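Okay, structure first, notes after.
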Amino acid sequence: MEFLSRYVVLIVLGICLCLGYIIKHSIPFIPNKYIPLIMGVAGVILNLWINGWQFTPEILLGGLASGLASTGTHELIRHLIPGNESENDTVTTPQEKN
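Here it is in structure tokens:
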């Protein structure tokens with residue numbers, strides 16, 4: 001994991017963290033299991049944009065690592081803050097509530 005830490009871009013991580021939070025809490029038709037995929041793609045796009053649209057393996061890895069690290073950061077914060085344990089990890093449909 002230490003190897004990947006040098007590829008994490010903090011700006012991309014922060015933007016993906018906010019974007020993932022918005023998706024999780026505002027767009028109920030997107031299942032939570034797809035949020036890491038969306039953050040990985042968003043991270044790559046953001047990292048490409050920051051680096052002048054030059055595509056290299058390092059930019060790809062940096063975008064993926066940053067986007068996926070944002071989901072891990074969300075989980076870390078969620079478990080460290082008391083009272084956040086009740087947050088659902090799955091989207092509940094009306095049929096499941098009955």
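Each residue of the sequence shown is one higher than the last, beginning at 1 in the numbering used here.
We put the beta carbon where it would ideally sit given N, CA and C, even for glycine.
All values derive from a computational prediction rather than experimental measurement.
Which listed residue (the options) has its alpha carbon closest to that of residue i
i: Tyr21; options: Gln54, Leu80, His79 and Glu75; result: Glu75
i: Val44; options: Pro28, Cys18, Ser5 and Val12; result: Val12
i: Ile15; options: Gly67, Ser5 and Gly72; result: Gly67
i: Ile38; options: Gln54, Trp53, Cys18 and Thr56; result: Cys18
i: Leu10; options: Gly40, His79, Gly62 and Ile81; result: Gly62
i: Ile40; options: Gln54, Asn51 and Gly72; result: First, the residue type needs correcting, since residue 40 is Gly and not Ile in the sequence shown. Cα-wise, what sits closest to Gly40 is Gly72.
i: Glu2; options: Ala65, Lys24, Thr56 and Ser70; result: Ala65
i: Ala42; options: His25, His79 and Ala69; result: Ala69
i: Tyr7; options: Pro57, Pro82, Gly52 and Ile77; result: Pro57
Beta-carbon separation (whole angstroms), residue i vs residue j, contact threshold 8 Å
i: Ile59; j: Leu48; result: 6 Å
i: Ile35; j: Ile50; result: So it is not a contact: roughly 22 Å between Cβ atoms.
Segment limits, alpha helix (DSSP H) that includes residue i
i: Arg49; result: Note that residue 49 is Trp in the sequence shown, not Arg. Its alpha helix (DSSP H) spans residues Ile35 to Ile50.
i: Ile22; result: Leu10 to Ser26
i: Gly63; result: Pro57 to Leu80
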